[in-house]
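Here is the structure we will look at, set down as structure tokens.
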Ligand code: UN1
């Protein structure tokens with residue numbers, strides 16, 4: 003296979019001409035590109051670290067323009083019937099499907115994930131459009147029995163306003179789509195700040211969406227893009243017009259965002275770090291468990307928020323499981339993610355590599371034994387390609403309490419299921435978890451109220467690779483938000499409870515009497 007280049011992919015996505023004198027636009031507002039000259043940063047692919055231009059960073063005037071345009075667009079868009087808004091999202095899905103391969107290739111080039119996973123990510127956008135289309139005819143509330151005669155209580159869901167979306171490099175398309183597609187059918191406008199590591203993927207998404215919005219006659223300014231760093235995230239968090247700020251990223255970022263948003267009584271929707279565990283019980287079907295462990299631990303080079311970080315194995319099996327895993331890890335094809343045989347691409351940057359190295363050192367100090375991996379396979383100037391690592395730990399130590407965004411798997415043993423569940427729940431984060439068992443009691447205990455405390459708790463399925471139909475998110479330091487399927491749409495709307503009196507008297511609730519004598523006149 004001839005490896006494709008960024009220039010070719012940008013050309014096929016119709017955004018190549020957006021690069022002017024090496025500079026990519028700092029924002030897209032009302033479908034138009036802007037090029038701020040005040041600040042920029044160098045762009046390169048994690049595949050080869052070769053520079054492919056500069057990314058201009060949005061300035062204050064662009065931020066206020068984008069939010070202002072979004073608010074104006076919202077005032078119009080909220081009056082479109084929801085099913086008609088759904089038709090717009092349906093047209094977006096068709097546009098995305100037409101460009102699926104090119105968009106996936108851009109993800110490969112910018113995020114460094116393998117093509118099959120990148121295609122899956124674009125599929126996630128298309129799937130979410132399907133879900134949002136159906137939801138556009140299901141944004142319904144309740145009719146509730148009133149305690150008063152000739153009264154009715156109803157709940158309605160109304161569009162919320164301008165939704166800010168902050169996304170991370172590892173899912174530069176899907177997480178944006180979860181938020182934006184639902185927000186659109188709910189009648190909201192969207193301002194997006196993507197990761198500064200994947201700005202071109204965001205530009206391509208904006209190009210696809212802007213074209214459809216224009217064709218469908220949607221108000222200009224409905225969806226805009228601001229390129230930049232944490233500074234912009236902070237401004238979105240502080241801006242009174244952003245009714246909801248959805249943020250995906252580290253716990254540190256989420257804490258800062260949540261505080262600013264709470265300060266002004268705004269709403270936030272947080273999907274932060276995970277520290278996901280998988281339990282192997284004595285009767286687990288290892289033919290299922292082993293490939294699930296490997297995909298969860300090394301897929302996306304360990305850079306999913308759902309990546310498997312902690313493997314908790316029954317003491318009777320731990321030696322056999324470690325041996326099988328070390329054997330498979332030794333065969334993993336690591337390298338250029340554009341090659342079809344590659345399973346593990348590069349880490350996003352040198353900082354990620356350093357974090358992995360530091361964590362391995364810390365784990366050794368805690369008494370861990372490196373069973374395999376940790377070495378750089380291909381280094382700079384090409385990229386940061388590492389051998390995924392497995393470290394056997396004497397117990398759950400301090401080193402294991404935080405998330406390291408790298409293919410680093412800690413293994414520890416347990417004796418009783420209660421002990422395994424306690425280990426699963428002991429960390430500050432609570433995103434994803436899994437158990438491999440053929441014993442129904444073990445499975446049910448794990449997903450019961452006294453089992454895993456995570457937002458996602460799977461049985462005989464790995465920790466990563468959730469479908470869009472369920473609510474996605476986690477508890478504790480993961481931030482508590484739920485995105486994607488189920489009733490996540492409610493995040494993007496406001497609820498109005500209405501009491502309607504269709505009678506000729508005015509009874510008060512709770513039997514209260516408050517007799518006001520009518521004026522004899
Ligand atoms: C993320 O890593 O932020 O469940 C999202 C998964 C994907 C989404 C991951 N569907 O692994």
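Numbering (the working numbering), first residue to last: 3 to 523.
Glycine included, C-beta positions come from ideal geometry on N, C-alpha and C.
Since we're looking at a predicted model, the values are computed, not measured.
Item, Value
"Residue interval of the alpha helix (DSSP H) (run including residue 105)", "102–113"
"Per-residue burial, residue 426 [other beta carbons within 10 Å of its own, 16 or more giving buried]", "buried"
"Buried versus exposed, by CB contacts within 10 Å (16 or more), residue 331", "buried"
"Near ligand 1: residue 177 beta-carbon under 7 Å from a heavy atom", "yes"
"Euclidean distance between Cα positions of residue 430 and residue 458", "15 Å"
"Own chain, CB closer than 8 Å to residue 203, minus 5 neighbours either side, in chain order", "105, 108, 109, 112, 113, 174, 175 and 196"
"8 Å Cβ cutoff met for residue 226 and residue 193", "yes"
"Distance between beta carbons of residue 472 and residue 487, contact taken as under 8 Å", "5 Å"
"For residue 195, the first and last residue of its enclosing alpha helix (DSSP H)", "Segment 191–195 is the beta strand (DSSP E) holding residue 195; no alpha helix (DSSP H) there."
"Proximity below 8 Å, CB of residue 79 to CB of residue 495", "no"
"Candidates 417, 443 and 403: closest to residue 276 by CA position", "403"
"Per-residue DSSP class, three states only, for residue 474", "strand"
"Check: residue 172 C-beta below 7 Å from any heavy atom of ligand 1", "yes"
"Pairwise C-alpha distance: residue 60 and residue 94", "26 Å"
"Residue 208 (DSSP reduced to helix, strand or coil)", "helix"
"Length at least 3, wholly inside the stretch 153–200: the beta strand (DSSP E) runs in chain order", "153–161, 164–168 and 191–195"
"Local Cβ density within 10 Å of residue 519, reported as buried at 16 or more and exposed below that", "exposed"
"Where the beta strand (DSSP E) containing residue 495 begins and where it ends", "495–503"
"Candidates 281, 343, 150 and 77: closest to residue 117 by CA position", "343"
"Residue 126: CB within 7 Å of a non-hydrogen atom of ligand 1", "yes"
"Proximity test, Cβ basis, 8 Å: residue 83 and chain C", "Reference to chain C is not applicable here, since this structure consists of a single protein chain."
"Contact under 8 Å by Cβ, residue 485 with residue 180", "yes"
"8 Å Cβ cutoff met for residue 464 and residue 353", "no"
"Close Cβ partners of residue 201 (< 6 Å) along its chain, the five nearest in sequence each way excluded", "57 and 229"
"Residue 55, enclosing alpha helix (DSSP H) - first and last residue", "No alpha helix (DSSP H) contains residue 55, which is instead part of the beta strand (DSSP E) from 53–58."
"Buried versus exposed call for residue 508 [16 or more other C-beta atoms within 10 Å across all chains shown]", "exposed"
"Residue nearest to residue 398 in terms of C-alpha spacing, selected from 263, 279 and 210", "279"
"Entirely enclosed beta strand (DSSP E) segments - the stretch 256–341, minimum 3 residues", "269–273, 278–282 and 310–316"
"According to DSSP, residues forming a beta bridge with residue 26", "57"
"Cβ-heavy atom distance, residue 498 to ligand 1, below 7 Å", "no"
"Top-ranked residue by Cα proximity to residue 30, from 164, 40, 71 and 13", "71"
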